[in-house]
Amino acid sequence: MKATKCNYCGSERYETRRSEYLYTHRGEYLLVPNTPVEVCLDCGTMYYDAAVLKEIERRFFAIREKIEQPDRYVQMPQKAYA
Ligand SMILES: [Zn+2]
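This is the structure we're talking about:
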């Protein structure tokens, strides 16, 4: 599946890259390295495939329910701005 036009700038120039995706759900996180993403070469908008996002969501809940093990845990410090 490939997007044909950028929703933001109308460009048709895309590049497939691998990037880190941070899934967040009610203050819980799953960091997903190596996530495939289409990047608009003109404005930099990133498009994730719906199937990819669905799989990430599935894994998040599988890990939370302890059906699957994460590759590793990372500590993420956080500090609210306000
Ligand atoms: Zn664009």
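In my numbering, the protein residues as written are 290 to 371. Quick reminder that beta carbons are idealized off the backbone N, C-alpha and C, glycines included. Just so it is clear, the structure is predicted and the values come from calculations on it, not from any experiment.
Practice task
Could you check how far apart the C-beta atoms of arginine 307 and threonine 324 are, in whole angstroms? I think they sit under 8 Å.
Solution key: 7 Å
Practice task
Whole angstroms is fine: what's the gap from proline 366's alpha carbon to threonine 293's?
Solution key: 38 Å
Handout entry: Contact under 8 Å by Cβ, valine 328 with tyrosine 337
Key = no
Handout entry: Burial state of tyrosine 318, where buried means 16 or more other Cβ atoms lie within 10 Å
Key = exposed
Exercise for the section: Verify whether the separation of the beta carbon atoms of valine 257 and isoleucine 345 is less than 8 Å. Expected result: Lying before the first or after the last residue shown, residue 257 is absent from the chain, which here runs from 290 to 371.
Problem - Nearest-angstrom Cα separation, counted from leucine 330 out to isoleucine 356 - result: 38 Å
Exercise for the section: Check whether the Cβ of aspartate 331 sits closer than 7 Å to any heavy atom of ligand 1, and report yes or no. Expected result: yes
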